[in-house]
Amino acid sequence: MSKVMMQTTQWGKMKSSLESYVGFDTIQEQIRKKSLKRGFELNIMVVGASGLGKSTLVNTLFKAKLSRASCISQPFVIPKTVEIKTVSHVIEEKGVRLRLTITDTPGFGDQVNNTN
43 MSKVMMQTTQ WGKMKSSLES YVGFDTIQEQ IRKKSLKRGF ELNIMVVGAS GLGKSTLVNT
103 LFKAKLSRAS CISQPFVIPK TVEIKTVSHV IEEKGVRLRL TITDTPGFGD QVNNTN
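Residue numbers for the sequence shown follow my numbering, so the first one is 43 and each next one is one higher.
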């Protein structure tokens, strides 16, 4: 039987033999299965001036139209603004869920005067 450390603050002083199987070797697999079942959460914030490709970057990363600009069904120009907008999606791939929150700051920095 292997020796294991029991509750003590003095390492090596209090050792005892295991009487049965504890299952420490399966903890990593248990955590992995629990995480896959629960799903994951990912928050992304894209910041930059208008026309830099923030929405294109997000859409390319996830191979889908996920950004605020892509969620608008009618073709019209999105006004330049510094108002922060958030869009949330739940994506599922091979049984694993991802709760994705994208925070877009369109027009961020457009009002800054960089001439000096």
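Built from N, CA and C at the ideal position, the CB exists for glycine as well.
For the putative contact between residue i and residue j, defined by C-beta atoms under 8 Å, what is the C-beta separation to the nearest angstrom?
i	j	result
V100	V89	So it is not a contact: roughly 12 Å between Cβ atoms.
S23	L142	The structure shown has nothing for residue 23, since the chain only spans 43 to 158.
I133	F104	7 Å
G149	A91	7 Å
Here's a check: name, in chain order, each residue in its chain whose Cβ is nearer than 8 Å to the Cβ of residue i, leaving out the five neighbours to either side.
i	result
I126	T145, D146, T147
V154	none
Mapping the DSSP letters down to three states, classify residue i as helix, strand or coil.
i	result
L140	strand
I126	coil
N156	coil
Excluding the 5 residues flanking residue i on each side, which residues of the same chain have their C-beta closer than 7 Å to its C-beta?
i	result
E61	none
E83	R141
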